[in-house]
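Beneath this line is the structure, given in structure tokens, with notes to follow.
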Amino acid sequence: MAYAYLFKYIIIGDTGVGKSCLLLQFTDKRFQPVHDLTIGVEFGARMITIDGKQIKLQIWDTAGQEAFRSITRSYYRGAAGALLVYDITRRDTFNHLTTWLEDARQHSNSNMVIMLIGNKSDLESRREVKKEEGEAFAREHGLVFMETSAKTAANVEEAFINTAKEIYEKIQEGVFDINNEANGIKIGPQHSTAGGASGAGGAGAGGLKRRGAAVCNEHWYETYSMPDL
Amino acid sequence: MFRSRSWFGASWGRPKNPHSLERLKYLHNILCKNTTVSENNRGTLVESLRCIAEILIWGDQNDSSVFDFFLEKNMLSYFLKIMRQKCGGSSYVCVQLLQTLNILFENIRNETSLYYLLSNNHVNSIIVHKFDFSDEEVMAYYISFLKTLSLKLNNHTIHFFYNEHTKDFPLYTEAIKFFNHSESMVRIAVRTLTLNVYRVQDASMLRFIRDRTAAPYFSNLVWFIGKHILELNACVRNDAEHFSSHQSQQKLDDLVAEHLDHLHYINDILCLNIPDLNDVLTEHLLHKLFVPLYIYSLTSESTRRATSSSPYNRDHIQSIEAITRNLEAILKGKNTDTSPARMTFPRHRMETEDECKPSVSGVVSLFLLSQVFLIITHGPIVHALAWIILQSDLSVFEVGATKILEMYISNAKTNVKLEFSKPQLSLEKALETTSSERDYTTPEYSGPKHFGDDLDNTDQSSCDLDPELVSTSLPSTSHISESSSIDHDSTEDLVTQVQSMKSISAVTVKENMPDSPLPDSGIESSSSKSNEFNNITDEEKQKMLGVTSSTSNERVITIESIIDKENKEIEKRPFLKTIFDSLDCSENDYKALFALCLLFALINNKGVNTELLDTLLCPEEEILCSTSECGSNTPVSGSSSNVENEATSSEGKTDVSSPPDRRPLQSFNALLISKLMAIANLSCKTASKVRLVTLELSVTLMRVAMCGTKGASARYAPDVNALRARAASLARNFYKCDDIFLDMFEDEYCETSKRPLNVEWLCMDAAILLPPTRTPMSGIAFAKRLPSGEMERARRAIRTFFLIRDLYLKLTGKPETQLPLTNPAPFVQVGESLDLNDSDLISCDIIQKDGTWQHRFLAVDSIEIILVEPDKQRLGWGVAKLVGSLQDLEIQGDKEDPRCLHLTIHKPRVGASGALPRTVLLRAKFKFDDHIRSMAAKQRLTKGRTKSRQKKMQQIGRLLEVSGMCAPALAPRHRPLFARPALAALAARRSTGGEDDTERRLRRPSAHMLKDGIVVYRERTTSRESSVSRSSSAQGSREGSPRARSEDIPMEEIKRNAAALAVASTPVISQTQHSTSTPLQKTISSSEETSFISSEPQRPKRKGLVETI
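Right under this line is the structure:
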């Protein structure tokens, strides 16, 4: 699948706030939210369209790696966007936001777009954190804010897409250096092969197309030269 | 086939409930019927696989029979079958398969279900399956799958992945093949996985990892770090030569961050405390990276110079090379005589240089070593590195490698006693059992030389074939492949493996071979040594003289002689000498900053033996004392200035017979301090090239270095005091009774106290790798560049003063009493009730920008502006609604309406918040009853502002020892405009004497003599303020009032002051005695001329300040 850009996201927040469920909810619509099923995933990818351009989102959940400093460090740095999630029914997850944010700000590149998400908005009766508090926190720290529910899929789509839109705008403004993949942004194959795009139209030659792109890209070449034994 | 379901009736129909056993049975049927993937059934298969994941998780949470069915039918085997088909659209199906597996392993909660899933080898077969990794989506899902599995590892589940009998661990071995993948997220996932594996702490599994994978994996890891470093170096060199572009700086940022990532990763491994792994990793890091590249590069700069300069230099350089080689031999536990080793770091093909060994610039190597010492705390590594940097000297040649080895080991042994017991035991073990340790690597490496006969070939292979190197040298994963009937690659696998293993061994052996015989080091060293002794630079001596010139004569001699001696000694420590030489800031502080970072990191690293650090931190005498106490038979005893010749020569001999740890450490403490002093001295010069960050770091280090001495404060206090005086005089150049200077002074104080230096963060900043710049347009923080323009020079001077003053106070143990600048009295609290009888109040309406409107009374104290609302309970009392500092008040007239004033009120800076930046409380339009009252208010505010500022300027003047200001401080007297019952007691407690209170009561009536402001403005007074305020000097405007005279300072105080300080040019005095103060004014205005502000354009906001009536 050809895309104009690939954005890498990470999801951060305390355990149990529903990060992986959000991720699955967004990346795979086929999994309909059902009341008696909690299901999540640590990685997902999905294509969206912004401004008529195909943009691929790759979302990496960082759960379970907090024990290692080197890992959190690298994750932050390699991402263009981050979803900072808390659980509206658990005050402590909201209180920890500052720590998460400090971490993110320290390790990420300064352009990373961070979106604050209050998850589990369906559990209104058990709410511990007011929406206004979330809004205030976001305002104070310059984040975009949204309350979502992975259960009912409310706002999930918007959360991811709005973040992507912001990243896209930053690219248009020239803030992001898109040639630097360490920023968590990658240009799609057809961009780098400006002239050679003619062959890319062929629908059936999925594998072939990719090979073609790889030759143009040094990094890819390194990967491909891996021996297949 | 799928279509045929309708023929079988309802039983084959799609069950309505998506989460049920029936549904899974139905899906199983689909899998059975679609064993071959084709264009037609692809969609159906994918959807079925997806549904299976959903149902299984639902079953895990709700209905166990679902899982039983899945296992009973062995449905994972279907997955494998589908996966192995080489079909056009298989990547589409594979992605779905991997997602299903991800979901399965991620969400499963039931332990037994998990065990069942893992129990037959299917998962391992999936792991070793060669997916199309060129598809980035497949790659991402695959690596997430492996990572998810690794998160499930524990002492039980490990056995499903690691097969003890077949020595197979596909999860790990397959994953590390991607450790250098181009995709950063993949690399991170691999690192996560390895860490998750290591932490399981299963002895057998760890043994496998050590024996079969550690050497190849770590050597590759290390090699890629090295490659990275060379890239970084090239980047720095390019940037230094050409103007640095934004892009290349971003690249530099990335490379630095990447190096930090690697170091953190290594540290994370080391922190898991797995002795076997740590040994291998330590060995690889030291032998292949830190010593041959980082340490070696410390001297690389001089290598280049060597060709052109004196023979001494060449000898010196060669001996350095020899040292590095010997060191390596030592670390390997081999004797140089039997097997001369050489640097094994593979050659880097650089276009420009004809160097025979890869190296990075001195700046980069200092920077990298700083990072190493900041991040890695593993004893054996940092201790060995510190030992090499601090201790390795020319005696290496005399004593011979074996003895040094002994000494090194025994040093390590003492280390064990002192600190970390576990890691250091492992170092000991590592050093003692190097031969046996080698055993596990040698079989892999000791194959016949198949290729790589010429050196280029060797380089080629080590440069470009690394991923293969990893993948092929890893143990076989073929066991699983063999078990599966479809795969025929297995035998081929084995063959290739054996072959590739041989080739690797050839490469490594080749690398280890010396390409030139070792120079006869012994002869060289002796010749160079004699040269060195004649070669002591007088430059340094002179510098030392400059530093200590202000101190007493006797002490000069002793300190000088110590430094002199240390200067000679350091010639024998090539690495330490390089670092010390880098501290020279006479040209710029580019290198010095990194040398300081390294020293700081070295000193603060917890893994480095404190005894070793005494070299830097403890003065000579104390080390000698302690050694003579513990080892009575050591021949070194004297502390006279020429003992060092004998000492070193005897050391060499005695070491052979006596225990090596008795060898007294040569201290370089005095030399270090003198070098740091030189930096501080240089930064007190007007056109200094020392950046603030460099100064701050040297001051920090100086404090640490002086701590080791018992009589440090006595010894160095005079020097530091002289330094402080110099810093004060630098700042004095900018001192002026001026708005900007005071604001700057307080802001800079706030900056310095708010952000103490964080060296770790400093070393994360790639920007410091570029030569120091001046322009703020570079985006580099002020402290990390040179000042640009007069304003920044003033800021720099002020901060320099703060830093050095702080050092002085800390050294002498004096408490901080003058900073932050204090207010003469506490501020009124908001909400407090004030007695306003007898006070001047001006009624006004406050109109804010958003149109809100309030009526208040304006009261002005000596330091604060207060907006009050009448107290409803008590007549004549008011409640403070807003309290702002007069000092920071901004006043502006309204052009259209003479009744109005625009005021910006700032929050008072009190106590702890004195170090916080200014915050605006209110910015609004104040409307008074008529233009006269508006004017009265304006004058009162302006004057109050000026006065409160003058008070602070006096404080600064005292701090900076401005002439005439160094007299004892005026007793702070507070005469409130109104009684504050709540605070009266507090004020009394704060003031020096009890009489103050009574004094105040007596004075009060006189302070409020005038209630009608109108009279005031008729009387014309030439105010001193006009010359103070920069906007008005030309106009000679009139301000002030008789009321001011009476209110400003009580008569008795004026008299006393005037008597005490005849020359004192305090503006307060001149204000009240304007007729007699003309000479004073002159002195002040002349000082104004030298100040920078006079040449600056006026600040627009001050324009409306002075008007003529």
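Residue numbers (the working numbering), protein chains in the order written: chain A, 3 to 231; chain B, 60 to 1168. Cβ coordinates follow ideal geometry from the N, Cα and C atoms, glycine included. All figures in this text were calculated on a predicted structure; none of them were measured in a lab.
Residues of chain A with a Cβ closer than 9 Å to the Cβ of H323 (chain B) are, in chain order, F70, R71, S72, I73, R75, S76.
No Cβ-Cβ contact shorter than 8 Å links L945 (chain B) with R854 (chain B). The beta carbons of S733 (chain B) and P678 (chain B) sit about 12 Å from each other, so the pair does not count as a contact at 8 Å. Close to chain B, meaning a Cβ-Cβ distance shorter than 7 Å, is no residue of the stretch 97–109 of chain A at all.
The beta carbons of E44 (chain A) and D30 (chain A) sit about 13 Å from each other, so the pair does not count as a contact at 8 Å. When the Cα atoms are used, A155 (chain A) and Q27 (chain A) turn out to be separated by approximately 7 Å. In this structure R814 (chain B) is exposed. Its beta-carbon is surrounded by fewer than 16 other beta-carbon atoms within 10 angstroms. Separation of the CB atoms of F228 (chain B) and M264 (chain B) is rounded to 7 Å, and the pair is thereby assigned contact status at 8 Å. Against chain A, the CB of Y200 (chain B) has a partner CB under 8 Å away; the residue lies at that interface.
Counting along the chain, K940 (chain B) sits inside the beta strand (DSSP E) bounded by residues 936–944. Counting only the Cα atoms, D865 (chain B) lies some 48 Å from V245 (chain B).
Distance from the Cα of H143 (chain A) is smallest, within the candidate group A:T100, A:R75, A:T165, for A:T100. The beta carbon of L39 (chain A) sits closer than 8 Å to some beta carbon of chain B. D865 (chain B) sits in a helix when the DSSP states are folded into three classes. The straight-line gap separating the alpha-carbon atoms of R128 (chain A) and S203 (chain B) is approximately 34 Å. Distance from the CA atom of F237 (chain B) to the CA atom of L210 (chain B), rounded to whole angstroms, is 18 Å. One thing to note: I114 (chain B) has its Cβ no nearer than 8 Å to the Cβ of V96 (chain B).
Residue range 990–1018 is occupied by the alpha helix (DSSP H) that includes R1008 (chain B). Nearest neighbour of I827 (chain B) by Cα position, chosen from B:V423, B:K226, B:N76, B:D338, turns out to be B:V423. Closer than 8 Å to the CB of N113 (chain A) there is not a single CB belonging to chain B.
N180 (chain B): not part of any alpha helix (DSSP H); DSSP gives it neither H nor E. For D16 (chain A), the nearest beta carbon of chain B is not closer than 8 Å to its own beta carbon. C91 (chain B) is classed as exposed because its beta carbon has fewer than 16 other beta carbons within 10 Å across all chains shown. Rounded to the nearest whole angstrom, the C-alpha separation of S107 (chain B) and C153 (chain B) is 13 Å. For E165 (chain B), the neighbours in chain A by C-beta distance under 8 Å run, in chain order, S22, G42, V43, E44. Excluding sequence positions up to five before and after N214 (chain B), its CB lies within less than 8 Å of the CB of V259, Q260, D261, all in the same chain and listed in chain order.
N183 (chain B) and V256 (chain B) have their C-alpha atoms some 15 Å from each other.
Within chain A, the C-beta atoms nearer than 8 Å to that of N161 (chain B) come from V43, E44, F45, in chain order. Using a CB distance below 9 Å, the part of the stretch 252–264 of chain B facing chain A consists of L254, N255, R258, ordered along the chain. Taking the beta carbon of F33 (chain A) as reference, the chain B residues within 7 Å of it are E113, listed in sequence order. E130 (chain A) carries a coil assignment under DSSP once its states are collapsed to helix, strand and coil. Scanning its chain for C-beta atoms nearer than 6 Å, with the 5 sequence neighbours on each side dropped, one finds around Y276 (chain B) the residues I235, in chain order. Here P815 (chain B) carries a coil assignment [DSSP, helix/strand/coil]. Contact check for G83 (chain A) against F178 (chain A) fails: the beta carbons are separated by 8 Å or more. Inter-residue distance for L934 (chain B) and L893 (chain B) is about 11 Å (C-alpha atoms, whole angstroms).
For the pair R143 (chain B) and F659 (chain B), the Cα-to-Cα distance works out to about 57 Å.
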